[in-house]
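Chemist: Mind looking over this structure? Questions follow.
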Amino acid sequence: MSQNKPIWMEESAVFMIDQRLLPHRVETLRLDSYPETIRAIQEMAVRGAGTIGVAGGFAMAQAALDAPEAGFWEQTQRAAEEISAARPTAKNLSHAVDRVFSAMRKEKETAAARRRAVSEAQAFYDENVEMSEKIGQAGLPLLPQGKAVLTHCNAGWLACTGLGTALAPIFAAHRQGKPVFVIATETRPRGQGAKLTVWELSQAGVPHALIADTAAGHFMSRGEIGMVIVGADRIAANGDTANKIGTYTLAVLAKEHKIPFYVAAPSPTFDAGCPSGARIPIEERHEDELLRAEGSLHSGEQASIRVATPGVKARNPAFDVTPAALITAFITEAGLIQPNSAAISVFLSGK
Ligand code: MRU
Numbered sequence: 044m045s046q047n048k049p050i051w052m053e054e055s056a057v058f059m060i061d062q063r064l065l066p067h068r069v070e071t072l073r074l075d076s077y078p079e080t081i082r083a084i085q086e087m088a089v090r091g092a093g094t095i096g097v098a099g100g101f102a103m104a105q106a107a108l109d110a111p112e113a114g115f116w117e118q119t120q121r122a123a124e125e126i127s128a129a130r131p132t133a134k135n136l137s138h139a140v141d142r143v144f145s146a147m148r149k150e151k152e153t154a155a156a157r158r159r160a161v162s163e164a165q166a167f168y169d170e171n172v173e174m175s176e177k178i179g180q181a182g183l184p185l186l187p188q189g190k191a192v193l194t195h196c197n198a199g200w201l202a203c204t205g206l207g208t209a210l211a212p213i214f215a216a217h218r219q220g221k222p223v224f225v226i227a228t229e230t231r232p233r234g235q236g237a238k239l240t241v242w243e244l245s246q247a248g249v250p251h252a253l254i255a256d257t258a259a260g261h262f263m264s265r266g267e268i269g270m271v272i273v274g275a276d277r278i279a280a281n282g283d284t285a286n287k288i289g290t291y292t293l294a295v296l297a298k299e300h301k302i303p304f305y306v307a308a309p310s311p312t313f314d315a316g317c318p319s320g321a322r323i324p325i326e327e328r329h330e331d332e333l334l335r336a337e338g339s340l341h342s343g344e345q346a347s348i349r350v351a352t353p354g355v356k357a358r359n360p361a362f363d364v365t366p367a368a369l370i371t372a373f374i375t376e377a378g379l380i381q382p383n384s385a386a387i388s389v390f391l392s393g394k
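Written out as structure tokens, the structure reads:
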């Protein structure tokens with residue numbers, strides 16, 4: 044496994060760090076066909092909007108490589124639909140699939156279309172890495188002096204490739220020797236903050252502390268937080284933003300305490316065709332994510348234990364929508380974008 048590479052493709056196989064096992068075990072998963080890659084997206088072996096997008100692009104390349112000569116276009120069209128539907132909220136997924144499929148369609152010969160699918164999927168990966176570097180540079184001057192940066196869920200390199208999105212300015216500052224302290228929320232129910240963000244920060248040597256989701260208001264009220272920075276799964280044309288469940292709560296709290304609230308995201312997360320947050324599809328995941336806890340026993344064995352009252356029913360939305368009015372600005376590969384339709388439209392028209 045090469046450092047900071049959550050996913051890659053070799054010939055027709057996709058390899059990824061199995062994020063379900065982190066931070067206790069670092070294992071690579073090999074997926075030999077596009078249905079296997081779809082399953083890895085659905086079961087969250089790979090997750091995070093940016094990396095889901097890259098996985099979707101690679102899955103599309105696998106579909107192109109596997110499709111028989113007869114019925115090639117019908118089969119790959121069907122695969123594109125299946126891959127795009129693997130998870131509903133992150134726009135990056137359908138963006139990547141559409142991009143790879145459109146590039147393939149420019150070729151007349153199937154052999155050329157197969158080659159084009161692979162090169163386009165890899166180009167999408169490479170561009171994600173470049174965009175994350177630019178997000179890091181754009182966000183770096185915004186980092187507060189002498190106060191902590193609060194982040195939610197995981198929007199580091201596991202979630203987005205490169206430096207990540209929300210964590211990109213933090214990694215960029217740390218690389219330059221600038222002091223930065225991160226407060227990471229646990230991010231119930233799946234614990235992406237406790238399991239993934241804190242692992243990434245520890246690996247990089249960035250000073251940090253983990254807090255319960257419910258402790259964010261406490262630290263804000265004590266004046267310890269100078270900035271909130273989160274990633275995004277889909278940003279509507281008016282700036283309303285879907286991100287991990289609990290983001291909206293943090294944005295309301297940040298407003299109450301007059302703390303700037305930034306959303307870091309590259310252009311493939313923006314959805315010009317979605318007018319507002321009310322139209323963003325919000326994934327509801329299995330109630331077991333809430334009713335049970337997954338982790339490592341003292342023996343090192345991975346385990347799932349029941350925590351909630353037996354027989355209880357649960358609701359488990361994976362994302363919520365933060366209205367544009369609560370967002371200070373978007374940090375993108377083109378710099379800071381104001382959270383309104385006009386600024387977003389100008390930004391996307393340059394793409
Ligand atoms: O369900 P996940 O883990 O795929 O969701 C990821 C998130 O919502 C992250 O918060 C992130 O900000 C978006 S990924 C860049």
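According to our numbering, the sequence shown holds residues 44 to 394 in order.
Note that CB positions come from ideal geometry on N, CA and C, so glycine has one too.
Treat the numbers as computed from the prediction; the structure is a model and nothing was measured.
In terms of alpha-carbon separation, which member of Arg148, Phe144, Gly179 lies closest to Ala164?
Modeler: Here residue 164 refers to the residue found at position 121 when the sequence shown is read from its first residue. Comparing Cα positions, the closest option is Phe144.
Chemist: For the alpha helix (DSSP H) that Thr257 lies in, which residues bound it at each end?
Modeler: By one-based count along the sequence shown, residue 257 stands at place 214. Premise fails: Thr257 is in no alpha helix (DSSP H) and is neither H nor E.
Chemist: Closest to Ala92 by CA distance: which of Arg277, Gln62, Glu117 is it?
Modeler: Position 49 of the sequence shown holds residue 92. Among Arg277, Gln62, Glu117, the Cα nearest to that of Ala92 belongs to Arg277.
Chemist: Over what stretch of residues does the alpha helix (DSSP H) that includes Asp141 continue unbroken?
Modeler: As a working mapping, residue 141 is identified with position 98 in the sequence shown. For Asp141, the enclosing alpha helix (DSSP H) covers residues 134-148.
Chemist: Need the endpoints of the beta strand (DSSP E) that Ala215 sits in, please.
Modeler: Taking the first residue of the sequence shown as 1, we reach residue 215 at position 172. Per DSSP, Ala215 belongs to no beta strand (DSSP E); it is in the alpha helix (DSSP H), 211-218.
Chemist: Spell out the partners DSSP gives Gly284 in its beta bridges.
Modeler: The residue you call residue 284 lines up with position 241 of the sequence shown. It should be noted that the sequence gives Thr, not Gly, for residue 284. Its beta-bridge partners are Ile278, Thr365.
Chemist: To which residues of the same chain is Lys394 closer than 6 Å at the C-beta, ignoring the five residues directly before and after it?
Modeler: As a working note, residue 394 is residue 351 in the sequence shown. These residues qualify, in order along the chain: Ser310.
Chemist: How about Phe304: is its Cβ closer than 7 Å to a heavy atom in the ligand MRU?
Modeler: As a working note, residue 304 is residue 261 in the sequence shown. No, the Cβ of Phe304 stays beyond 7 Å of every heavy atom of the ligand MRU.
Chemist: Sorted by chain position, which residues of the same chain lie with C-beta nearer than 7 Å to Ser45's C-beta, five sequence neighbours on each side aside?
Modeler: One-based indexing of the sequence shown puts residue 45 at position 2. Reliability of the predicted coordinates at Ser45 is poor, the pLDDT of 39 falling under 50, and the value obtained from them is presented with this limitation in mind. Taken in chain order, the list of residues that qualify is empty.
Chemist: Can we say the stretch 266-277 touches the stretch 193-203, given the rule of at least three CB pairs closer than 8 Å?
Modeler: yes
Chemist: Please state whether DSSP places Ser45 in a helix, a strand or coil.
Modeler: If you number the sequence shown from 1, residue 45 lands on position 2. Below a pLDDT of 50, predicted positions are generally treated as unreliable, and Ser45, at 39, falls in that range; the measurement from the model is reported next regardless. Ser45 falls in the coil class under three-state DSSP.
Chemist: Name the two residues that bound the continuous beta strand (DSSP E) containing Ile50.
Modeler: By 1-based counting over the sequence shown, the position of residue 50 is 7. 50-53 is the extent of the beta strand (DSSP E) around Ile50.
Chemist: Using CA coordinates, which residue listed in Val350, Gly338, Ile95 is at the minimum distance from Gly234?
Modeler: The sequence position of residue 234 within the sequence shown is 191, counting from 1. Here the closest residue by C-alpha is Gly338.
Chemist: Which residue comes first and which comes last in the beta strand (DSSP E) that contains Val223?
Modeler: Within the sequence shown, residue 223 is the residue found at index 180, counting from 1. Note, Val223: premise wrong, no beta strand (DSSP E); not H, not E.
Chemist: Considering only their Cβ atoms, is the gap separating Ala211 from Gly260 smaller than 8 Å?
Modeler: Along the sequence shown, one-based indexing puts residue 260 at 217. Along the sequence shown, one-based indexing puts residue 211 at 168. It is not a contact, given that the beta carbons lie outside the stated cut-off.
Chemist: Could you give the residue range of the beta strand (DSSP E) that holds Gln345?
Modeler: The sequence position of residue 345 within the sequence shown is 302, counting from 1. 345-349 is the extent of the beta strand (DSSP E) around Gln345.
Chemist: Going straight from the alpha carbon of Glu112 to that of Glu125, what length do you get?
Modeler: Start at 1 with the first residue of the sequence shown, and residue 112 comes out as number 69. Start at 1 with the first residue of the sequence shown, and residue 125 comes out as number 82. Going from the Cα of Glu112 to the Cα of Glu125 covers about 20 Å.
Chemist: Can you tell me which residues form a DSSP beta bridge with Gly380?
Modeler: Within the sequence shown, the letter at position 337 stands for residue 380. For the sequence presented, residue 380 should be read as Ile rather than Gly. According to DSSP, which records beta bridges pairwise, Ile380 is partnered with Phe373.
Chemist: Considering only heavy atoms of the ligand MRU, does any lie closer than 7 Å to the CB of Cys317?
Modeler: Position 274 of the sequence shown holds residue 317. Checking the Cβ of Cys317 against the ligand MRU gives no.
Chemist: What beta strand (DSSP E) runs, 3 residues minimum, are completely inside the stretch 138-208?
Modeler: 191-194
Chemist: Let me know if Asp169 comes out buried or exposed under the rule of 16 or more other beta-carbons within 10 Å of its beta-carbon.
Modeler: Here residue 169 refers to the residue found at position 126 when the sequence shown is read from its first residue. Flag for Asp169 reads exposed.
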